[in-house]
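The sequence shown lines up with residues 384 to 563 when you count with the working numbering.
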Amino acid sequence: MGRFYSGDIEGKFWFGVQDSNDVENLVNITGNTYYSWHVCNCTAEMDEDYCRQCYDSKEEHIEAAIEEGSYEDECLYYEDCCNGYSLDRETHYQELVDNMNELKTKINNNIIQEFDKIEQNDKILDAFTGVFNNTHKYLNTMENNPERKEQEVLTARYTLGYQIEYCVRTAGYCNISCEY
């Protein structure tokens, strides 16, 4: 169970703590909603009226959707339950760095010290490598109260931002698909 993000960076949103659109709290950006075609599940381009990769005509696609039982709403595409974000150095980097510095002032110093120990390499791009394990341990020692909840929200956001910052700094861009 959980919601994941993937693309140039990978990880899992913190259950009960972090929203799927948390990228929007790091930079001024709005996610793009993804759509797929019924039956074939190809990525749907909204300026097309059927999947041109799989069908020769709209009628052929409709026929296949009716046969599958997925044309009840007379729509050939469906929402993928994820948003896409494309960040680049020129547009987003300085705003991201400024917001990360602001977050740093609000996060417990013990947590920030663990982030400062992280080796700057591509393991940062994949949260499943365990690179962030030590940054979260301190939270488990805190009492379960509103302050801890705030620290969890800020640390989860900082972790996502840390990955995005590294990606944009080293590659010049960061494309992320976020499940919701």
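By construction, the Cβ of each residue, glycine as well, lies at the ideal position given by its N, Cα and C atoms.
Asp471 counts as exposed, since fewer than 16 other C-beta atoms from the protein chains shown sit within 10 angstroms of its C-beta. Runs of beta strand (DSSP E) with 3 or more residues, each lying fully within the segment 464 to 526, are absent.
For Ile559, the pairing in a beta bridge is given by DSSP as Gly390 and Tyr468.
Following the DSSP letters along the chain, one finds Thr416 inside the beta strand (DSSP E) bounded by residues Asn415 to Trp420. Its chain contains Val422 as the residues whose beta carbon lies nearer than 6 Å to that of Ala447, once the 5 sequence neighbours on both sides are disregarded; these appear in chain order. If you draw a straight line from the Cα of Lys441 to the Cα of Lys395, it comes to about 38 Å. Note on geometry: alpha-carbon atoms of Asn482 and Glu455 lie some 46 Å from one another.
Beta-bridge annotation (DSSP): Tyr460 is paired with Trp420. The beta carbon of Arg552 lies closer than 8 Å to those of Arg472 and Tyr476 in the same chain, with the five residues before and after it left out. Between Asp405 and Leu537, the C-beta gap is not smaller than 7 Å, which leaves the two residues out of contact.
With 16 or more other CB atoms across the displayed protein chains lying within 10 angstroms of its CB, Cys550 is buried. In the DSSP secondary-structure assignment, Lys395 is bridged to Phe387.
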